[in-house]
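**Q** Please find one structure pasted underneath; my questions will follow.
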Amino acid sequence: MAHEVGPLDASLWFCRVEMIARRELAIENSLRHAAHLLQMAPLPLRPIVRLATDEDRFEALLDAGDFDAAARHLVAQPTALTLEPSSDGTQVAAAISCVVLKRVITGVGETEATAILDAWTTCLLAIKARFGEDLETLCAVNTDGMTKTRH
Amino acid sequence: MSFIHIVDQDTRRRATLSRKILELRSHAEIYEDCSEFTQRLPHEGLLLVANDEAPSLLELLNEGSIELPLIVYAEHPDMSEVVEAVQSGALDFLEWPIAQERLRDVLQRAEELGTRKIAQIRKRTAARNRVSALSPRERDVLLALLDGGSNKTIAEQLAISPRTVEIHRGNMMRKLGAVSSGDAVRIALYAGLDADYDPKARP
Numbered sequence: 522m523a524h525e526v527g528p529l530d531a532s533l534w535f536c537r538v539e540m541i542a543r544r545e546l547a548i549e550n551s552l553r554h555a556a557h558l559l560q561m562a563p564l565p566l567r568p569i570v571r572l573a574t575d576e577d578r579f580e581a582l583l584d585a586g587d588f589d590a591a592a593r594h595l596v597a598q599p600t601a602l603t604l605e606p607s608s609d610g611t612q613v614a615a616a617i618s619c620v621v622l623k624r625v626i627t628g629v630g631e632t633e634a635t636a637i638l639d640a641w642t643t644c645l646l647a648i649k650a651r652f653g654e655d656l657e658t659l660c661a662v663n664t665d666g667m668t669k670t671r672h
Numbered sequence: 084m085s086f087i088h089i090v091d092q093d094t095r096r097r098a099t100l101s102r103k104i105l106e107l108r109s110h111a112e113i114y115e116d117c118s119e120f121t122q123r124l125p126h127e128g129l130l131l132v133a134n135d136e137a138p139s140l141l142e143l144l145n146e147g148s149i150e151l152p153l154i155v156y157a158e159h160p161d162m163s164e165v166v167e168a169v170q171s172g173a174l175d176f177l178e179w180p181i182a183q184e185r186l187r188d189v190l191q192r193a194e195e196l197g198t199r200k201i202a203q204i205r206k207r208t209a210a211r212n213r214v215s216a217l218s219p220r221e222r223d224v225l226l227a228l229l230d231g232g233s234n235k236t237i238a239e240q241l242a243i244s245p246r247t248v249e250i251h252r253g254n255m256m257r258k259l260g261a262v263s264s265g266d267a268v269r270i271a272l273y274a275g276l277d278a279d280y281d282p283k284a285r286p
């Protein structure tokens with residue numbers, strides 16, 4: 522049985538998302554750290570972000586080097602994520618439909634995994650920019666009927 | 084903020100401050116020094132502390148023995164004193180004499196921020212205490228895990244076998260009381276270990 526991890530303070534949490542966005546870590550490390558961050562998401566974010574698989578399966582994908590498949594699990598609702606190659610075929614574009622922000626957030630990368638991470642971090646940092654670091658106004662949105670949304 | 088605890092050896096300042104607090108319809112409790120305060124150790128309200136008494140009380144705050152928001156005041160404080168107090172967990176630093184309007188604003192702000200700040204300090208103190216129980220190798224493993232390392236990459240980084248990493252990792256998790264790797268990372272972040280990591284060592 523999976524144990525629920527307590528929340529991290531939002532300011533610390535967003536600092537680590539920013540670190541992933543800056544691509545300071547190798548892709549495997551970024552994905553693993555992103556999964557850890559989802560486990561300890563601040564409470565106001567929990568209705569809208571989560572890892573779409575359990576830690577063991579996610580870790581197995583990383584061990585197998587299937588970073589693209591692992592990255593897809595960072596987006597809670599599979600239908601919210603679309604992937605397509607760029608027009609010249611050298612890059613991948615990822616788009617996450619964020620219901621809280623009511624818009625599509627995009628990211629690009631050389632692989633599906635890097636594109637998803639780009640869109641994922643952009644989406645979370647856009648939520649921070651929109652609702653503030655303490656996410657208090659997001660709490661109000663969540664209690665106003667959007668608790669079922671997933672980005 | 085209904086209870087304001089004043090710790091100050093200067094009787095005249097204590098009396099002045101008590102009167103100002105009364106005018107703001109709050110209740111002031113006065114203490115001669117840190118030891119008198121710790122004998123009673125109240126669990127409700129806000130601490131207003133003269134700078135002379137601040138270091139001992141801030142230490143107790145960071146140990147988790149005091150659970151009240153703390154504001155320091157002093158006559159002609161220098162910048163280093165202010166920075167040190169705030170970095171040690173003081174919510175604010177006021178210059179004596181404190182104008183009534185300033186006191187009202189500060190108390191209002193303390194009510195809004197105090198509880199949250201104290202909760203943060205408590206979480207950070209608890210995390211630091213748990214991390215301090217780790218051996219140097221267990222701490223190394225936690226640092227590498229903090230940056231998303233796997234057993235294999237941690238083993239390469241520390242020049243030990245993956246099996247040895249597993250053993251250190253198991254001991255580290257047990258000592259931290261962590262329910263998962265993510266939980267261990269959360270404790271490391273609260274303990275401030277992210278500031279200790281050498282980016283050059285990153286894979």
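Chain order of the listed sequences is A and B. For the first sequence, the positions run 522 to 672 when the working numbering is used. For the second sequence, the positions run 84 to 286 when the working numbering is used. A virtual CB, placed ideally from N, CA and C, is assigned to each residue, including glycine. Keep in mind that this is a model prediction, so the values were computed, not measured.
1) On the criterion of 16 or more Cβ atoms from any shown chain inside 10 Å, does A:Thr-668 qualify as buried, or is it exposed?
2) Tell me A:Cys-619's beta-bridge partners as DSSP assigns them.
3) Would B:Leu-144 and B:Gly-172 qualify as a contact pair, given that the criterion is a beta-carbon distance under 8 Å?
4) Quick one, which of B:Asp-188, B:Ile-237, B:Ala-168 has its alpha-carbon nearest B:Glu-142's?
5) Would a C-beta distance cut-off of 8 Å place A:Val-526 and B:Gly-265 closer than the cut-off?
6) Using the C-alpha atoms, what's the distance from B:Val-166 back to B:Leu-174?
7) Report yes or no: is there a C-beta of chain B within less than 8 Å of the C-beta of A:Leu-546?
8) In chain order, what residues of the stretch 563 to 576 of chain A put their CB closer than 8 Å to some CB of chain B?
9) Please go through the same chain and pick out, in chain order, the residues whose beta-carbon is closer than 6 Å to the beta-carbon of A:Val-625, but skip the five residues on each side of it.
10) Looking only at C-alpha atoms, which of B:Asp-277, B:Ala-227, B:Gly-275, B:Gln-240 sits nearest to B:Met-255?
11) Sort A:Leu-602, A:Gln-612, A:Ala-592, A:Pro-606 by Cα distance to A:Leu-559 and report the nearest one.
12) If distances are taken between C-alpha atoms only, which option among A:Ile-569, A:Ala-542, A:Gly-586, A:Pro-565 comes closest to A:Val-529?
13) If you follow the beta strand (DSSP E) that B:Asp-175 is part of, which residue opens it and which one closes it?
14) Three-state secondary structure (DSSP) at A:Thr-664?
15) Report yes or no: is there a C-beta of chain A within less than 8 Å of the C-beta of B:Leu-141?
16) Tell me the residue span of the beta strand (DSSP E) that contains A:Pro-606.
17) According to DSSP, is A:Gly-586 part of a helix, a strand, or is it coil?
18) Taking 8 Å as the CB-CB cut-off, is A:Glu-539 touching chain B?
19) Taking B:Arg-269 as the query, report the chain A residues whose CB atoms sit under 7 Å from its CB, ordered along the chain.
20) Using the C-alpha atoms, what's the distance from A:Ala-573 back to B:Leu-196?
21) A:Arg-578 versus chain B: which residues are under 8 Å apart at the beta carbon?
22) Name the one or two DSSP bridge partners that B:Leu-131 has.
23) Following the continuous beta strand (DSSP E) through B:Ile-113, name the residue where it begins and the one where it ends.
24) Of all Cβ atoms in chain A, is any one closer than 8 Å to the Cβ of B:Pro-245?
25) Looking at the unbroken alpha helix (DSSP H) that takes in B:Gly-253, where does it start and where does it end?
26) Could you tell me which residues DSSP puts in a beta bridge with A:Val-684?
27) Using the C-alpha atoms, what's the distance from A:Glu-605 back to B:Ala-210?
28) Pull out every residue of the stretch 214 to 227 of chain B whose Cβ sits closer than 8 Å to any Cβ of chain A, in chain order.
29) Quick check on B:Pro-282: buried or exposed, where buried means 16 or more other Cβ atoms within 10 Å of its Cβ?
30) Identify which residue in B:Gly-232, B:Ile-154, B:Met-162, B:Ile-204 has its Cα closest to the Cα of B:Gln-191.
31) If you measure between the beta carbons of B:Gly-231 and A:Leu-546, is that distance less than 8 Å?
32) Nearest CA to the CA of B:Glu-178: which residue from B:Leu-140, B:Glu-239, B:Leu-100, B:Ala-271?
33) According to a CB-to-CB cut-off of less than 7 Å, which residues of the stretch 172 to 206 of chain B neighbour chain A?
34) Going by other Cβ atoms of all chains shown within 10 Å of its Cβ, with 16 needed for buried, is B:Glu-212 buried or exposed?
35) Closer than 7 Å by beta-carbon distance: list the chain B residues that pair up with A:His-554, in chain order.
36) Tell me which residue opens and which closes the alpha helix (DSSP H) that A:Ser-532 is part of.
**A** Put simply:
1) A caution first: A:Thr-668 carries a pLDDT of 35, below 50, which makes its placement in the model too unreliable to give a value.
2) A:Arg-624
3) yes
4) B:Ala-168
5) yes
6) 11 Å
7) yes
8) Shown in chain order are the members of the stretch 563 to 576 of chain A whose Cβ falls below 8 Å from a Cβ of chain B: Glu-576.
9) Ala-616, Ser-618
10) B:Ala-227
11) A:Ala-592
12) Contrary to the premise, residue 529 of chain A reads as Leu rather than Val in this sequence. Ranking A:Ile-569, A:Ala-542, A:Gly-586, A:Pro-565 by Cα distance to A:Leu-529 puts A:Pro-565 first.
13) 175 to 179
14) A caution first: A:Thr-664 carries a pLDDT of 47, below 50, which makes its placement in the model too unreliable to give a value.
15) no
16) Here the beta strand (DSSP E) through A:Pro-606 covers 602 to 606.
17) The answer is coil: DSSP assigns A:Gly-586 none of H, G, I, E or B.
18) no
19) Val-526, Gly-527, Leu-529, Met-561
20) C-alpha separation (whole angstroms): 35 Å.
21) None at all; the shortest Cβ gap to chain B is about 14 Å.
22) As computed with DSSP, B:Leu-131 is found in a beta bridge with B:Ile-89, B:Ile-154.
23) 110 to 114
24) no
25) 245 to 259
26) In the structure displayed, chain A extends from 522 to 672; residue 684 of chain A sits before or after that span and is not available.
27) 43 Å
28) none
29) The pLDDT assigned to B:Pro-282 is 46, lower than 50, so where the model puts this residue is not dependable; a value taken from the coordinates is nonetheless given after this. With fewer than 16 other Cβ atoms within 10 Å, it is exposed.
30) B:Ile-154
31) yes
32) B:Leu-100
33) Gln-203
34) Going by the sequence as given, residue 212 of chain B is Asn instead of Glu. With fewer than 16 other Cβ atoms within 10 Å, it is exposed.
35) Asp-230, Gly-231
36) 531 to 542
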